Structure formats: C-alpha cells, structure tokens
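Participant: Below is a structure I'd like to ask you about.
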Amino acid sequence: MFNLPNLLRSSWEPLARHQDIPDALRPLLCETGSLTALLRAQCRVLHVEVLNEQVRQLDGEVQTILGCDRALCREVVLYCDDIPVVYGQSWLPDSAAVLGLNNIGNTPLGERLFDQQAWQRGAIEVAMLDKAMLPSFFPLKETSNSDLCYARRSVFTRQNSKVLVCEIFLNGVKV
C-alpha cells in the first residue's frame, strides 16, 4: 500500500496557491463536482481497477482529519480507454460505510459521493510529486515529458462522517 496522505504531509497546499498548473490539468485539479463524470465525458470507456482494499490503523494526519483511529483504505486506478489516468486512494471510516459507501467494488467512489448529494466536499489541496517518489506499480508511461505529477486531496463530509479522497493524475491526462 502506498501511504499518500502521510508521504505528502508537508506538501499539500491550497489550490489557490498553485498558479503554475498546466492548462491541460487545470480543469481536473479544479473540478469541485464529480471527477468521474468529467473523465467519463472525455473517453469511450471508463473503468476502475481496485488495487487494494483493507482496514488500516490510522496515524498522524489522517487520524486527525477523519477523527477516528481506523478506516478502510481503498486504492484504485481509473482508466480512460485503457489508459491509466488517475490513481485514487480513499480513506473510509466505518461511519461512511453506514452511509452507503460500502461494498462498492469496481464502482468509482465519486459516483457514490455525488449521486448521494448529501456529501459535501471540503477545500481542494494540491501537491506536486516527483515521479521518482512514486512506487514502481504506478502505471506511468514514458510519453510524459515532465518529471512531475500533480495530486489533489479533499475531505467529504456528511453528518458526522468524513472521507478523505486523494488522487494522483497520471500520464499527462487532460480534458
């Protein structure tokens, strides 16, 4: 498992501080609605590969953000027309499962969050990653001419439950 929130603990900044975001990525990083819907509109076939799902003990920042000490960590890759475009890592406490975010299989989490409309997205934070920092399992193609990837995260809240969603944009994805 790749512990994205803790790896980037000091690197997350408010979206507004990133004026240098490439024009092609800006619509994705700034999207406050469903990223899944935005991607689906740009490709013929969108599918999700679940890499890992397991309940984990939380530490540090994630524990503080979610207000609990354990949560389901869900890691996925979203593919547009068989090209891996987004790595997603979500942290879902038991309280989120009670609110309909359990047993979603290959369904994109974004579809559940935005279909239920009761989930409210918090501020979007952005980080820039050196591709060399990423684990070897990341499906990066060498066609991208940059050594950097952009990541974003935000917290979704409903009632007393919070879900942390982190996304890394792969392979120069653009809309």
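Under this note's numbering, residues 153 to 327 are what the sequence shown spells out, in order. Don't be surprised by glycine CBs; every beta carbon is placed ideally from N, CA and C. Remember, predicted model here, so these are calculated numbers, not experimental data.
1) Check for me: the alpha helix (DSSP H) holding residue 213 runs from which residue to which?
2) Give me the Cα-Cα distance between residue 295 and residue 262, rounded to the nearest whole angstrom.
3) Taking its Cβ as the centre, do 16 or more other Cβ atoms sit within 10 Å of residue 277, making it buried, or is it exposed?
4) Could you tell me the alpha carbon to alpha carbon distance between residue 319 and residue 312, rounded to whole angstroms?
5) DSSP puts residue 255 in a beta bridge; with which residues?
6) So for residue 282, helix, strand or coil by DSSP?
7) Measuring CA to CA, which of 212, 169, 306 is closest to residue 186?
8) When the Cβ atoms of the segment 186 to 206 are set against those of the segment 217 to 225, are three or more pairs found closer than 8 Å?
9) The alpha helix (DSSP H) with residue 180 in it runs from where to where?
10) Buried or exposed for residue 300, please, with buried defined as at least 16 other CB atoms from any protein chain shown within 10 angstroms of its CB.
11) If residue 310 and residue 279 are in contact, beta carbons under 8 Å, what's the gap, nearest whole angstrom?
12) Measuring CB atoms only, is the segment 167 to 182 touching the segment 240 to 255, in the sense that at least three cross pairs come out at less than 8 Å?
Facilitator: On the basis of the data shown:
1) Run containing residue 213: 212 to 218, per the alpha helix (DSSP H) assignment.
2) Caution is warranted here: a pLDDT of 45 is assigned to residue 295, below 50, making its placement in the model unreliable, and no coordinate value can be reported.
3) Buried is the call here.
4) Distance between the alpha carbons of residue 319 and residue 312: 23 Å.
5) Partner residues in a beta bridge of residue 255, as assigned by DSSP, do not exist.
6) Residue state, collapsed to three classes: strand.
7) Of 212, 169, 306, the residue nearest in Cα terms is 306.
8) A contact exists between the segment 186 to 206 and the segment 217 to 225.
9) Counting along the chain, the alpha helix (DSSP H) containing residue 180 begins and ends at 178 to 182.
10) It is exposed - the Cβ of residue 300 has fewer than 16 other Cβ atoms within 10 Å.
11) Between residue 279 and residue 310 the Cβ distance is about 25 Å, and since that is not below 8 Å, they are no contact.
12) When Cβ pairs closer than 8 Å are counted between the two stretches, the segment 167 to 182 is seen not to touch the segment 240 to 255, the count staying below three.
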